[in-house]
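The block underneath contains the structure these notes are about, expressed in structure tokens.
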Amino acid sequence: MLNCIVIGAGIAGLSSGIALHKAGHRPVIFEAYGAPSDGIGGFLTVAVNGFDALDTLGLKGAAANLGFSTPLMSMYLGSNGKHLADFDYGGTLPDGTTARTMTRSELYGMLREEAGRRGIRIVYNKRLTTLDESHRGVRADFHDGTSEHGDMVVGADGLHSRVRKLIDPTSPAPRIIPLLNTGGIVPAGVLTHGLMDVEAGRMKMVFGKRCFYCYMQDPDGRTWWFANPLQRSSEDPSTLDSHARKAWLTKLVAGDRTIMAAIVTATNDIIRPYTTSDFPSIPRWQRGRLVLVGDAAHAASPSSGQGASMAIEDAVTLGRSLQGLQPVSISGALARYENERRTRAEAVVEWGRRNAAPKIRGQFKRVFEDLVLPVVFRGIARKSEDNFEWVYRHHIEWDAANSDVC
Numbered sequence: 175m176l177n178c179i180v181i182g183a184g185i186a187g188l189s190s191g192i193a194l195h196k197a198g199h200r201p202v203i204f205e206a207y208g209a210p211s212d213g214i215g216g217f218l219t220v221a222v223n224g225f226d227a228l229d230t231l232g233l234k235g236a237a238a239n240l241g242f243s244t245p246l247m248s249m250y251l252g253s254n255g256k257h258l259a260d261f262d263y264g265g266t267l268p269d270g271t272t273a274r275t276m277t278r279s280e281l282y283g284m285l286r287e288e289a290g291r292r293g294i295r296i297v298y299n300k301r302l303t304t305l306d307e308s309h310r311g312v313r314a315d316f317h318d319g320t321s322e323h324g325d326m327v328v329g330a331d332g333l334h335s336r337v338r339k340l341i342d343p344t345s346p347a348p349r350i351i352p353l354l355n356t357g358g359i360v361p362a363g364v365l366t367h368g369l370m371d372v373e374a375g376r377m378k379m380v381f382g383k384r385c386f387y388c389y390m391q392d393p394d395g396r397t398w399w400f401a402n403p404l405q406r407s408s409e410d411p412s413t414l415d416s417h418a419r420k421a422w423l424t425k426l427v428a429g430d431r432t433i434m435a436a437i438v439t440a441t442n443d444i445i446r447p448y449t450t451s452d453f454p455s456i457p458r459w460q461r462g463r464l465v466l467v468g469d470a471a472h473a474a475s476p477s478s479g480q481g482a483s484m485a486i487e488d489a490v491t492l493g494r495s496l497q498g499l500q501p502v503s504i505s506g507a508l509a510r511y512e513n514e515r516r517t518r519a520e521a522v523v524e525w526g527r528r529n530a531a532p533k534i535r536g537q538f539k540r541v542f543e544d545l546v547l548p549v550v551f552r553g554i555a556r557k558s559e560d561n562f563e564w565v566y567r568h569h570i571e572w573d574a575a576n577s578d579v580c
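Here this note's numbering = 1-based position in the sequence shown + 174.
Here you go:
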């Protein structure tokens, strides 16, 4: 049994703790913030490959009760309302499971509850400062002067990972994608009855004149939406108060032939815009007894729709790689984990970057693309199932030999 120090109690950290416990080890999770992050964050979608990974942890059923099913996407032009194409969001698993959209807090809460059920300890207000690795184990030092000793350390501490910098001080900074992220949820009954122009569970994605955005309705009548305005050096919308933020975003979408302006106007709590970042690649995911998972290793643009799913896949693969291991075998197991995950993870990051690229549209590019996008999307739609199968049909066989993964 390994004593595993997990740095970060988000989706990646909790999933890693659960997977390590399933593998027969003793994880303890350390979180820099002073309390659980219940109610914090926007919303996300867990794709079918994420559900497949959750099934390995015995959590697919619990996750399938969160949020609502979002198996379909439809693409439109905002300038004229033209329909471009329809896509499946990853298809359906054999048992009928589809992609589901939920708040980050819902997924986080389910994972934290499972960690508690398994007796996994989560310690808050522990900001990592240094790691001291030796042949006997690892000592993690925290900002409050305390330390923890373990056999290995899992860095699940996100985009600006401290563990990543301690593994490799030359590791590059995240790459900035010139898109902002914002969004919100409109309660049921607020929008005028009959205004919604898309069926429940279908994502309507729009290449607007000045902004890409998406909205959808859940079975209870709430409207969920996000937007990706261009990030411009001449303005910083993150500094706007809630009233000014709503006015700024309404102005961006008001010229489109959609209901987005009404949706923004009806939203009380609009997420403060934040920058989009990703990692094209980093030199090292692991060193000795130290390893990275989730955004700490391979942050993908939200345009991939794979952030949470990839973090859960990482956790399952890590746990699988460490089954039955003793401390002397750790470095080899972590190298196998990286070998199994790196190519796929970096391909998903690149896929997310390509998905984000058409959203980066100035006025002249927008006019040209509005002419060619209908042709482009017709071609993509014809072969979408084959194109995207590598993303959504990934399966990790927990009981297979460590050298095998499909």
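No residue lacks a Cβ here, since even glycine has one placed at the ideal position from N, Cα and C.
In this text the structure is predicted, and so the values were computed from the model without any measurement.
Option in 237, 222, 490 with minimal Cα separation from residue 277 | Position 103 of the sequence shown, counted from the start, is the residue given in the question as residue 277. Measuring from the Cα of residue 277, the nearest candidate turns out to be 237.
For residue 350, which residues does DSSP report across the bridge?
-> As a position in the sequence shown, residue 350 is number 176, starting the count at 1. Answer by DSSP bridge pairing, in chain order: 451.
Would you grab the beta carbon distance between residue 322 and residue 202 for me? Rounded to a whole angstrom, and I think it's under 8 angstroms.
-> Here residue 322 is taken as the residue at index 148 of the sequence shown, counted from 1. Here residue 202 is taken as the residue at index 28 of the sequence shown, counted from 1. Contact flag correct, Cβ pair sits at about 7 angstroms.
Looking at the structure shown, is residue 570 part of a helix, part of a strand, or coil, going by DSSP?
-> Position 396 of the sequence shown, counted from the first residue, corresponds to residue 570. DSSP, read as helix, strand or coil, puts residue 570 in coil.
Residues of its chain near residue 570, where Cβ-Cβ distance is below 7 angstroms and the 5 sequence neighbours each way are ignored = In the sequence shown, residue 570 corresponds to position 396, counting from 1. Correct list, in chain order: 227, 230, 487, 490, 491, 494, 579.
Three-state secondary structure (DSSP) of residue 335 = Stepping through the sequence shown from its first residue, residue 335 is reached at position 161. Coil at residue 335, not helix or strand.
7 angstroms Cβ shell around residue 428 - same chain, five flanking residues per side excluded = The residue you call residue 428 lines up with position 254 of the sequence shown. So the list reads 435, once near-sequence residues are dropped.
Near residue 451, which residues of its chain fall below 7 angstroms by C-beta distance, leaving aside the five closest residues on each side in sequence?
-> Sequence index remark: in the sequence shown, residue 451 carries index 277 (1-based). Excluding sequence positions up to five before and after residue 451, its CB lies within less than 7 angstroms of the CB of 333, 348, 349, 350, 351, 473, all in the same chain and listed in chain order.
Note down, one range per segment and in chain order, each beta strand (DSSP E) of at least 3 residues found wholly within the region 177-253.
-> As far as the region 177-253 is concerned, its whole beta strand (DSSP E) runs of at least 3 residues are 177-181, 200-204, 217-220, 246-251.
Reducing DSSP to helix, strand and coil, say where residue 517 ends up.
-> As a first step, residue 517 is located in the sequence shown; it is residue number 343 there, counting from the start. Reduced to three states, the DSSP call for residue 517 is helix.
In the DSSP assignment, what residue or residues form a beta bridge with residue 402?
-> Position 228 of the sequence shown, counting from 1, holds the residue named residue 402. DSSP, once it has assigned bridges, lists 386 as partnering residue 402.
DSSP state of residue 360 mapped onto helix, strand, coil = Along the sequence shown, one-based indexing puts residue 360 at 186. DSSP places residue 360 within a strand segment (E or B) once states are collapsed to three.
Can you name, in chain order, every residue of its own chain whose Cβ lies under 6 angstroms from the Cβ of residue 370, other than the five neighbours on each side?
-> Stepping through the sequence shown from its first residue, residue 370 is reached at position 196. Contacts found: 391.
Run of the beta strand (DSSP E) containing residue 378, from where it starts to where it stops | In the sequence shown, counting from the first residue as 1, residue 378 sits at position 204. Looking at the DSSP string, the run of the beta strand (DSSP E) that includes residue 378 is 376-381.
Are the beta-carbon atoms belonging to residue 179 and residue 327 less than 7 angstroms from one another?
-> Taking the first residue of the sequence shown as 1, we reach residue 179 at position 5. Taking the first residue of the sequence shown as 1, we reach residue 327 at position 153. Residue 327 sits close to residue 179, with the two beta carbons spaced by under 7 angstroms.
Where do the ends of the beta strand (DSSP E) carrying residue 175 lie?
-> Residue mapping note: residue 175 aligns to position 1 of the sequence shown, counting from 1. Run containing residue 175: none; DSSP gives neither H nor E here.
Work out the CA separation of residue 463 and residue 505 for me, nearest whole Å.
-> The count along the sequence shown starts at 1 and reaches residue 505 at position 331. The count along the sequence shown starts at 1 and reaches residue 463 at position 289. Using only the alpha carbons, I get a separation of about 6 angstroms.
To which residues does DSSP link residue 484 through a beta bridge?
-> Position 310 of the sequence shown holds residue 484. Here residue 484 is not bridged, per DSSP, to any residue.
Quick one: Cα of residue 177 to Cα of residue 317, how far?
-> Counted from its first residue, the sequence shown places residue 177 at position 3. Counted from its first residue, the sequence shown places residue 317 at position 143. Cα to Cα, the separation comes out at about 21 angstroms.
Nearest neighbour of residue 196, chosen from 510, 499, 206, 456 [CA to CA] | Walking along the sequence shown from the start, residue 196 turns up at place 22. Closest option to residue 196, Cα to Cα, is 499.
According to the neighbour-count rule (16 or more other Cβ atoms, all chains shown, within 10 Å of its Cβ), is residue 280 buried or exposed?
-> On the sequence shown, position 106 is the one that residue 280 refers to. Label assigned to residue 280: buried.
Does DSSP put residue 277 in a helix, a strand or coil?
-> Position 103 of the sequence shown, counted from the start, is the residue given in the question as residue 277. Under the three-state reduction of DSSP, residue 277 is assigned to strand.
Give the range of the alpha helix (DSSP H) segment to which residue 370 is assigned.
-> Residue mapping note: residue 370 aligns to position 196 of the sequence shown, counting from 1. Counting along the chain, no alpha helix (DSSP H) covers residue 370, and no H or E run does either.
Kindly give me the distance between the Cβ atoms of residue 440 and residue 364, rounded to whole angstroms, as I take these residues to be in contact under 8 angstroms.
-> In the sequence shown, the residue the question calls residue 440 occupies position 266. In the sequence shown, the residue the question calls residue 364 occupies position 190. About 5 angstroms separates the beta carbons of residue 440 and residue 364, which is inside the 8 angstroms limit, making them a contact pair.
For residue 191, is the classification buried or exposed, using 16 other Cβ atoms within 10 angstroms of its Cβ as the cut-off for buried?
-> Indexing the sequence shown from 1 puts residue 191 at position 17. Counting Cβ neighbours within 10 Å, residue 191 comes out buried, since at least 16 surround it.
Helix, strand or coil for residue 436 per DSSP?
-> The residue labelled residue 436 in the question sits at position 262 within the sequence shown. Correct three-state label for residue 436: helix.
Mind checking residue 175: buried by the 16 CB within 10 Å criterion, or exposed?
-> As a first step, residue 175 must be located in the sequence shown, where it is residue number 1. Looking at its Cβ environment, which holds fewer than 16 other Cβ atoms inside 10 Å, residue 175 is exposed.
Return helix, strand or coil for residue 565, following the three-state DSSP convention.
-> If you number the sequence shown from 1, residue 565 lands on position 391. Three-state DSSP puts residue 565 in a helix.
Contact with chain D by residue 530, beta-carbon distance below 7 angstroms = In summary, chain D is missing from the structure at hand, where a single protein chain is found.
Option nearest residue 375 by Cα separation, candidates 465, 467, 261, 522 = Residue mapping note: residue 375 aligns to position 201 of the sequence shown, counting from 1. Answer by Cα proximity: 261.
Cross-strand partners of residue 328 (DSSP beta bridge) = On the sequence shown, residue 328 is found 154 positions in, with the first residue counted as 1. The partner list for residue 328 (beta bridge, DSSP) reads 180, 465.
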